[in-house]
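Visitor:
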Ligand SMILES: NC(=O)c1ccc[n+]([C@@H]2O[C@H](COP(=O)([O-])OP(=O)(O)OC[C@H]3O[C@@H](n4cnc5c(N)ncnc54)[C@H](O)[C@@H]3O)[C@@H](O)[C@H]2O)c1
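In this note's numbering, the protein residues as written are 9 to 111.
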């Protein structure tokens, strides 16, 4: 899946996994645009504070179960994707191994 140049929708983007995926997308890829769709029932704005400083990133406060809201983004790609999650998991494991090696 080509992420570079794509418009990407990150549902639940203010949560732990979604916000980590956004940070990785911004750091390692070149998406044209990222829309975070989150109703903030959990998660936190603090999780996306840094990402929202990037002009390519916007936050839409809304519920993915709300059809008119979701339909606005039907032509977006969705994230997290398999390769994003795989990368996050590899980084997580590498950090754990570094921690144990240093102990
Ligand atoms: N964190 C983990 O280790 C882990 C592991 C396996 C599976 N999961 C699953 O992955 C998903 C995300 O996990 P997380 O840790 O990022 O959770 P989280 O609670 O940190 O984030 C979930 C986000 O989804 C948003 N949200 C909830 N309902 C919504 C709705 N109807 N519309 C829009 N936004 C909505 C919340 O406001 C929150 O920001 C969950 O389903 C969780 O069960 C998480």
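We put the CB at the ideal spot given by N, CA and C, even for glycine.
To the nearest angstrom, report how far apart residue 60 and residue 67 are at their CA atoms.
Guide: On the chain shown, residue 60 is found 52 positions in, with the first residue counted as 1. On the chain shown, residue 67 is found 59 positions in, with the first residue counted as 1. Distance between the alpha carbons of residue 60 and residue 67: 8 Å.
Visitor: So what does DSSP say about residue 49, is it helix, strand or coil?
Guide: Along the chain shown, read from residue 1 onward, the residue named residue 49 stands at position 41. Here residue 49 sits in coil by DSSP.
Visitor: May I ask you to check if the CB of residue 60 is nearer than 7 Å to at least one heavy atom of ligand 1?
Guide: Against the chain shown, residue 60 aligns to sequence position 52. No; taking the cut-off as 7 Å, the Cβ of residue 60 has no heavy atom of ligand 1 nearer than that.
Visitor: What is the rounded straight-line gap between the Cα of residue 77 and the Cα of residue 83?
Guide: Translated into the one-based positions of the chain shown, residue 77 becomes position 69. Translated into the one-based positions of the chain shown, residue 83 becomes position 75. If I take the Cα positions, the gap works out to 13 Å.
Visitor: Measure the C-alpha to C-alpha separation of residue 65 and residue 44 and round it to an integer number of angstroms.
Guide: The residue you call residue 65 lines up with position 57 of the chain shown. The residue you call residue 44 lines up with position 36 of the chain shown. If I take the Cα positions, the gap works out to 7 Å.
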